[in-house]
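So the sequences go chain by chain: H and Y.
Once you know that position 219 of the first sequence is 241 in the numbering used here, the rest is easy, because the numbers rise by one and skip nothing.
Once you know that position 154 of the second sequence is 1118 in the numbering used here, the rest is easy, because the numbers rise by one and skip nothing.
A virtual CB, placed ideally from N, CA and C, is assigned to each residue, including glycine.
Since the model is a prediction, treat every value here as computed from it, not as a measurement.
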Amino acid sequence: MDDQRTEEGSPAEPAANPPFQIKDCALIAVATGRRAQNLRELRDILQSILSNSIYYHFWGSRLQPRFDNPEYQNDFATWTNQALHDGKMAERLGVIDPTDFGSLEELRQELIDVIEERLDEEEHVTWAKTDMQFNFLTSQIVVFDTHRVIHEPAELRTAVPMMSGGSIFYHVIDARRRTMGSVDDIRSWLAGFATEEEDPYADLREQLAGVDPFFSPLPEVRDELTRLLQGYFGAPEA
Amino acid sequence: MAPEGIRRYAEVVGEGVIDQLHQLAEPLQGKKVVHINSTRVGGGVAEILAKLVPLMEDLGLDTSWEVITGADQFYQCTKSFHNGLQGNAVEIPDSLLREFEATNQQNAETLRPQIEDADFVIVHDPQPAPLLSLCPERRGKWVWRCHIDVSRPFRPVWRYLRNFVSPYDASIFSLAHFAQPLPHAQFLIPPSIDPLAEKNMELEPADIDAVYEEFGIDPDRPLIIQVSRFDRFKDPVGVIRAYRLATEFIPTLQLVLAGGTATDDPEGAAVLQEVRDAAGDDPNIFILLLPGDAHRTINALQRAADIVLQKSVREGFGLTVTEGLWKGKPVIGGNTGGIRLQVVNHHTGFLVDTPEGAALRIRYLLHRRDRLEEMGIKAREFVRENFLLTRHLREYLTLLLALTHGDEGRIELG
């Protein structure tokens, strides 16, 4: 990230840490053309589907039409519940938290293992209606610059509440695929202020690490981040 | 001074959404975009284009909208395509297919200079689909936008049309379930409504009183409404059956079936007659054949109703569902197509498979006014987040950017 400040007299900051550039993103869903009508087909396709598709069905749909606080947090669980009426399977798939896995390949294997376990329990597979098949999707994401830049960590308390759902998705969810250690962009940036002598935002980073984007819709993630940031830096002046 | 163009939407969706559109449009400044369909008036496609095209222009894209024209036989053929793509076994005589191809050839002669030169050509539905093969010197990206539920097409019709559609650079479907195997990327973009259009804008109570008076509807009695073309896929006769079942318990119930005709739908008159026969002389059923520009009247009727129905048996998306939800009405919708994306059981309305199911839900909602109100509030917010024109526009811009960047899963701008 380049330091874009040109104004004379801008506050000094450690040279090593560039400003935080607020990005936004838009996502468009793309059909892969692959569909499953029962649990066995779901397992088979999971073995070879693009990892981006697995990512989409856990995370990408956050930017797609949905109702807040759905019963299950990933599309596989929702489908087994709604189309196959298999409550056991839905619960076991629904409890899978993608943040527990180091890579999408590990997540893929977990999904396959959980489904196979269920297949072993049943004599027959249940079929979904033709128009209720599971459609494997993927997405294209377009990332763009909002031209808003944060220089000082305290500015986060006013900048974060103004972020769009796309910005929250990019900096909190998408960031986990881009950053070392799979952390969000805010924590990554705050870590950049640490020196050999001190780590001034270590406690704030620890608090932010407690925000779990998996169980909350994007506006709630934004509200939770805002609450923590304003608690740490103080509420902005009216 | 009131804001104009895209800025007018800020008061409905917020400034952030408008800023986002400007940022997405920045790399597309001056690009020439041509939309092509087969009717300028009537039906959801024309309504969307009438709004989308000026907004794309306002965002700096050089956008135009062309309409192909044909004789009666052309529309008979394309209506058969429509029925076939939605799953009806239709026989289409060769003579009609030749007329279809000849009409496209004639239109291509007129449009060729403009569309061969465009950066993006977006062809809506099957009617103009052959234009791509008739423009060998095209330089831009061509997208086929399918607004129809083609999840289970009558195969001979799909095989015929697939030949015209396959060479496109991409296609767009409203739902994943509609996508068909094609040798190019298939993007998923649900359609939308315009919150500021005459059909969806806020109205004064006097506007609603006016429709009670104009059509003789009793404002003190419960009212249910279905607004849609007189088309068998919309199951208007099933709605009358549901109404009759419900009136056994709610004898004061009134039903409005309001529809218009589209210039590309030759079957409308026959279905209208079936509906009139089914309604008989019931004074509480109001069958309203409204002109294509009766947007304000439709708006007022939807707002006057307690519940909106869209009991389709096949549906592409169902913009009348979106309209009803936006007016804060729970929708009882057929369990099909895009209605499933909008009607969330017990949240924004109910999905039903039969007239009996619809009747049960009508009784429930009219009996539980508290639930009716609660669902109405949720319904409006659901549309605000997901199905307004600004979201639709954002996805079109994203698609155009995606097309210019090829197969990259991630496109970084700026």
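Using beta-carbon distances, Y:Ala1366 counts as an interface residue toward chain H, with a partner under 8 Å. Check the Cα spacing between H:Glu177 and each of H:Gln131, H:Ser73 and H:Tyr254: the tightest is with H:Tyr254. In this structure, H:Trp101 and H:Ile195 do not form a Cβ contact; the two beta carbons are roughly 21 Å apart against a cut-off of 8 Å. Look at the segment 1115 to 1126 of chain Y: the residues with a C-beta under 9 Å from a C-beta of chain H are Ser1115 and Arg1116. Here the C-alpha atom of Y:Val977 lies approximately 39 Å from the C-alpha atom of Y:Glu1231.
For Y:Arg972, none of the residues of chain H pass the 8 Å Cβ criterion, the least Cβ distance being about 19 Å.
For H:Gly187, the enclosing alpha helix (DSSP H) covers residues Gly187 to Ile190. Residue pairing by DSSP places H:Trp149 opposite H:Asn60 in a beta bridge.
A contact is defined here as three or more CB-CB pairs under 8 Å, and the segment 1177 to 1192 of chain Y meets this definition with respect to the segment 1253 to 1269 of chain Y.
Burial of H:Ala53 is indicated by the presence of at least 16 other C-beta atoms within 10 angstroms of its C-beta.
Per DSSP, reduced to three states, the secondary structure at Y:Ile1000 is strand.
Look at Y:Ala1143: its C-beta is under 8 Å from a C-beta on chain H.
Under the 8 Å criterion on CB atoms, Y:Glu1359 is classed as interfacial with respect to chain H.
Spatial neighbours of Y:Glu1080 in its own chain (CB-CB distance under 7 Å, excluding positions within 5 residues in sequence) are listed in chain order as Cys1099, Glu1101, Arg1102 and Arg1103.
Residue range Phe156 to Ile172 is occupied by the beta strand (DSSP E) that includes H:Arg170. Rounded to the nearest whole angstrom, the C-alpha separation of H:Gln252 and H:Leu64 is 44 Å. The C-beta distance from Y:Leu988 to Y:Leu1367 rounds to 13 Å, too long to fall under 8 Å, and the pair is not in contact. DSSP places H:Glu144 in the coil class of the three-state scheme, outside both helix and strand.
Residue range Ile1271 to Gln1274 is occupied by the beta strand (DSSP E) that includes Y:Ile1271. Between H:Leu159 and chain Y, the shortest Cβ-Cβ separation is below 8 Å.
A Cβ-Cβ separation of about 7 Å places Y:Leu992 in contact with Y:Leu1365 under the 8 Å criterion. Annotation for Y:Thr1074: the continuous alpha helix (DSSP H) segment containing it runs Asp1058 to Asp1081. From the listed residues Y:Glu1073, Y:Ala1014, Y:Leu1019 and Y:Asp1113, the smallest Cα separation to Y:Glu968 is found for Y:Leu1019.
In the DSSP assignment, Y:Glu1376 falls within the unbroken beta strand (DSSP E) covering Arg1374 to Glu1376. With contact defined as three or more Cβ pairs closer than 8 Å, the segment 1088 to 1095 of chain Y and the segment 1065 to 1078 of chain Y are in contact.
The shortest C-alpha to C-alpha distance from Y:Leu1219 to any of Y:Lys1198, Y:Ala1269 and Y:Leu1253 is the one to Y:Ala1269. Between Y:Thr1261 and the set Y:Thr1067, Y:Arg1076 and Y:Met1165, the nearest pair of CA atoms involves Y:Met1165. Nearest CB-CB separation between H:Thr152 and chain Y: below the 8 Å threshold.
Taking 8 Å as the upper bound on Cβ-Cβ separation, chain Y lies near residues Asp46, Ala48, Leu49, Ile50, Ala51, Val52, Ala53 and Gly55 of the segment 43 to 66 of chain H. Looking from the CA of H:Pro239, the closest CA among Y:Glu1349, Y:Val998, Y:Leu985 and Y:Leu1353 belongs to Y:Glu1349. In the structure shown, the three-state DSSP call for H:Lys45 is strand. For the set H:Thr148, H:Pro92 and H:Leu49, the Cα lying nearest the Cα of H:Thr160 is the one of H:Leu49. Taking 8 Å as the threshold, the shortest C-beta distance from Y:Ala1343 to chain H does not fall below it. By the criterion of at least three beta-carbon pairs nearer than 8 Å, the segment 101 to 111 of chain H is in contact with the segment 140 to 157 of chain H.
Note that the C-beta distance between H:Phe166 and Y:Gly1378 is below 8 Å. Judged by beta-carbon spacing, H:Leu115 lies within the 8 Å limit of H:Ala99, meaning their Cβ atoms are closer than that value.
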